[in-house]
Every structure is written in structure tokens, then in C-alpha cells.
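Participant: Following this message is one structure expressed as C-alpha cells.
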Amino acid sequence: MSQGSKIDRIYRKLLLTKYFTQGWGSSRDIKRLLAFRKIVSDRAKCVNLIPEHYPVEIVKDQVNRGVRMIEGRFHCPFDLYLPELLPKVVKTCHFQMLLPVKWESDHYKPVCIQMAGTGDHYYWRRRVLMAKPLLTEYRIGSIIIENPFYGVRKPPQQTRSILNNVLDIFTMGGCLIMEGMILHSWCKKIGLGPIGFTGYSMGGHMATLAATSIPEPVVLVPCLSWSTASGVFTEGVMSKAINWNLLHTQYNEDESFKRELKDTVRSLSEVCMTQSFERNSVQESKGTRYDKNIICLLCYYIIMGGKLAASCFKCCRV
Numbered sequence: 001m002s003q004g005s006k007i008d009r010i011y012r013k014l015l016l017t018k019y020f021t022q023g024w025g026s027s028r029d030i031k032r033l034l035a036f037r038k039i040v041s042d043r044a045k046c047v048n049l050i051p052e053h054y055p056v057e058i059v060k061d062q063v064n065r066g067v068r069m070i071e072g073r074f075h076c077p078f079d080l081y082l083p084e085l086l087p088k089v090v091k092t093c094h095f096q097m098l099l100p101v102k103w104e105s106d107h108y109k110p111v112c113i114q115m116a117g118t119g120d121h122y123y124w125r126r127r128v129l130m131a132k133p134l135l136t137e138y139r140i141g142s143i144i145i146e147n148p149f150y151g152v153r154k155p156p157q158q159t160r161s162i163l164n165n166v167l168d169i170f171t172m173g174g175c176l177i178m179e180g181m182i183l184h185s186w187c188k189k190i191g192l193g194p195i196g197f198t199g200y201s202m203g204g205h206m207a208t209l210a211a212t213s214i215p216e217p218v219v220l221v222p223c224l225s226w227s228t229a230s231g232v233f234t235e236g237v238m239s240k241a242i243n244w245n246l247l248h249t250q251y252n253e254d255e256s257f258k259r260e261l262k263d264t265v266r267s268l269s270e271v272c273m274t275q276s277f278e279r280n281s282v283q284e285s286k287g288t289r290y291d292k293n294i295i296c297l298l299c300y301y302i303i304m305g306g307k308l309a310a311s312c313f314k315c316c317r318v
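Mapped onto the UniProt record's numbering, the consecutive letters of the sequence shown carry residue numbers 1 to 318.
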């Protein structure tokens, strides 16, 4: 057994609750998200989704021990287009910014936008482990985004980091893409730059999605992540934390939903992936046999986990 798989097994033992306990989420909303991704996956169209002068509110600006700490918020732009998908507490994006009190140059004020990894609620972890070292050692500022469905943006009916629906994780990605675009544009307007994106694990993947939507070169440093998160759920540490029984039942109950997915898939190999969910199987704990590839399918096509993120490596240079 590889060292990585041992770590995965230990980590999984700490997860006491299964993910997606309420299933896929509304099939109607998933169809709407599938349609919206066609716009977001086109960089030129995606840029036009964001108003030019988008309001950002500063709620705190203080200096402590040589560090300027700013806290701000703004309305999540994703809510302008698919408001029914966002719980009320998710609709406001909160962020914390750490900057030097005085920059060494008026023409070089680098800032790194940090996305949260799985379970990284609030600001303190990224502030202590990433933002402060970047500031003190390299004079690089940071913006720490509060993830949708995390921290102060966690819906009251959600337990810890356990998302209730599959739809929620793709909604999270859509929000972070647009919120990253807002913060990138805002930093430029107030004279900061160059701007970079980073994140650990899931945060690295979300940083990649956001950076790919910026219509100009940006710095991108994803850590321990890849161009899609699907493998984590289908084969990796989270695979045993998914309620596959419920997802399988709901998928087969909605014929319209199944047809929508099949119509979305373009290539022959991806069509086979969809069909295999109904035809092929893998052994599950209670003798029930399913194929889990449908999660991969949605990861690729609902929020462009494969196509969009892979294109990032063609347009972004560190």
C-alpha cells in the first residue's frame, strides 16, 4: 500500500459523516447550472458577467505590529444569475487582506489571493501559515477569501464541512470563480499588483478555476491539486464518505435528468462513461454494485473541472 493511500485511510477514519446526504440537489437547478457553465467557460463572455464598477465594502482597516489588516465584503455576483442556488448566508463574500504598512516600491505591490482547502473555515489557518510568512519574508500581501458554505458563510442546516448536495460543491466553484474575478479587478483599481492565486488541495483547484477566467496573465500556484477534483470523490480519500446508494437511486428515478446529462456529453468516451453508471459496477460494502463515474461526469461538465482548468496551463505562467 502506498504512503498516500495510508494517509487517505487515516484521514477517512476521522470523517464521521457522509457527504451529499440529501443527494444531488434539484435536477432543475443542475440543468440551469449546466446551461450557465457554457457562458462561464467562455472567458470573453465570463468577463462580461461582472459589472465594471463592482462595489466592495471595507468594514475594518487597522494596523497591528507592522501589518495592515483589512476586512471587506461584497455581494457574490453568482447570485445575480442563479440566486435560487445560494442560501442567504452564502450570498455575501467575506475576505481578509494582509498588507505591509509601507510598500518598498510604488510600482510593485504583489498580492496573493488565497482559496480555502477542504475544512478550512474562517481566516486564521491561512493567515498564520501562509499570509504572515509571505508578508514578513517576501513582502507579498494576501487576500483570504471565506469559502462559500464555510465559516460565516456556512448554512445553519449544514454540519461542519459536509455539503448536503452534490450541487453545492459546483455552486461553490461557480461562486469562487466570479469572486476571484471581482477581487482581481478591485486590486488593480486600488493600485495593487501583480496579482496571484493560490490554494491547497481543493483550494488549489478553485484557484485554478478563478485564474483561468482572468483575461490576462496572472500568477497561479496551486498546491497538491490537479485540473479536476473528481478523482478525490470517486477513487480517493472521499470515495468512502459518499452516500452512493442515495445518488444511484435519485439518478435512476429522474429520466429527464439522465437524458440531460447524456445530451451534455460530447465525445464517445464520455457517452460510455454515462452509460456505464447504469450498466457496469464496482463492489460496495453491502453487496450493492454501482459505477461511480457519474460524479466524474458532473465534475467535468457542471463547472468545467477538466476543460477549463486544463486550459489554464496554456494561458498562465508563474
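The C-beta atom is built at its ideal place from N, Cα and C for all residues, glycine as well.
From the DSSP output, which residues share a beta bridge with residue 100?
Facilitator: 67
Participant: Is residue 242 helix, strand or coil when you go by DSSP?
Facilitator: strand
Participant: Which residue wins for smallest C-alpha separation from residue 150, given the options 142, 133, 95 and 189?
Facilitator: 95
Participant: Rounded C-beta distance between residue 243 and residue 18? I'm assuming under 8 Å.
Facilitator: 5 Å
Participant: Secondary structure at residue 19, three-state DSSP: helix, strand or coil?
Facilitator: strand
Participant: Please give the ranges of any alpha helix (DSSP H) in the region 76 to 142, keeping only runs that are unbroken, at least 4 residues long and fully inside the region.
Facilitator: 132 to 138
Participant: Of all the options 130, 123, 118 and 102, which has the alpha carbon lying nearest to the alpha carbon of residue 112?
Facilitator: 130
Participant: Beta carbon of residue 198, beta carbon of residue 175: below 8 Å?
Facilitator: no
Participant: Between the region 67 to 84 and the region 94 to 110, do three or more beta carbon pairs fall short of 8 Å?
Facilitator: yes
Participant: Kindly list the residues whose CB is nearer than 6 Å to the CB of residue 126, restricted to its own chain and excluding five residues on each side of it in sequence; keep chain order.
Facilitator: 114 and 144
Participant: So, is residue 37 buried or exposed, given that buried needs 16 or more other C-beta atoms within 10 angstroms?
Facilitator: buried
Participant: Helix, strand or coil for residue 29? Go by DSSP, reduced to three states.
Facilitator: Look at residue 29 here: in three-state DSSP terms it is helix.
Participant: Given a cut-off of 8 Å on the beta-carbon distance, is the pair residue 109 and residue 173 in contact?
Facilitator: no
Participant: Please report whether the beta-carbon of residue 79 lies at a distance below 8 Å from any beta-carbon of chain B.
Facilitator: The structure shown has no chain B; it contains just one protein chain.
Participant: Looking at residue 210: is its Cβ nearer than 8 Å to the Cβ of residue 169?
Facilitator: For the 8 Å CB-CB criterion, residue 210 and residue 169 do not form a contact.
Participant: Do the CB positions of residue 217 and residue 155 come within less than 8 Å of each other?
Facilitator: no
Participant: Do you know how far the Cα of residue 35 is from the Cα of residue 163?
Facilitator: 22 Å
Participant: Which term fits residue 277, buried or exposed, when burial requires 16 or more other beta carbons within 10 angstroms of its beta carbon?
Facilitator: For residue 277, the pLDDT reaches just 46, beneath the cut-off of 50, and the residue's location in the model is therefore unreliable, although a value from the coordinates is still provided. Flag for residue 277 reads buried.
Participant: Residue 251 by DSSP, collapsed to three states: which one?
Facilitator: helix
Participant: Measuring CA to CA, which of 117, 51, 44 and 137 is closest to residue 200?
Facilitator: 117
Participant: Anyone know if the C-beta pair for residue 233 and residue 27 falls short of 8 Å?
Facilitator: no
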